[in-house]
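In the numbering used here, the protein residues as written are 517 to 615. All C-beta atoms, glycine included, are put in the ideal place defined by N, C-alpha and C. Every value quoted in this text rests on a predicted model; they were computed, and no experiment measured them.
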């Protein structure tokens with residue numbers, strides 16, 4: 517009982533550490549994407565830890581993983597387009613409205 521509680525607390529700390537990094541490190545788009553993926557990893561592990569009792573949990577976690585990978589690929593393609601057009605992924609150099 518104590519081990520499962522400790523593991524869930526560690527996963528919540530993982531998620532909130534990613535959220536704090538997302539709030540603080542917003543100067544580059546790549547660092548924002550890394551923090552978002554860190555948050556998704558914490559949520560995925562929490563989902564796997566919570567729903568391991570039934571078959572629905574495995575299906576739900578695989579769907580979550582597929583959607584998070586699709587979101588990561590979209591973010592990475594935006595970074596590549598921004599670096600090719602502006603030379604950097606810094607928010608200070610260019611605005612995303614002009615892309």
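Report yes if the CB atom of residue i is closer than 8 Å to the CB atom of residue j, and no otherwise.
i	j	result
residue 532	residue 551	no
residue 544	residue 593	no
residue 556	residue 524	no
In its own chain, which residues sit with a C-beta less than 7 Å from the C-beta of residue i, not counting the 5 before and 5 after it?
i	result
residue 527	558, 561, 562, 565
What three-state label does DSSP hand residue i in the structure shown?
i	result
residue 606	strand
Can you give the beta carbon distance from residue i to residue j, rounded, assuming they're within the 8 Å contact cut?
i	j	result
residue 595	residue 535	The pair is not a contact, with the Cβ atoms about 20 Å apart (cut-off 8 Å).
Within its chain, find whatever has a CB closer than 8 Å to the CB of residue i; leave out the 5 residues flanking it on each side and keep chain order.
i	result
residue 554	530, 533, 534, 537
residue 580	559, 560, 563
Okay, do the stretch 587-597 and the stretch 561-568 touch, 3+ Cβ pairs below 8 Å being the bar? no
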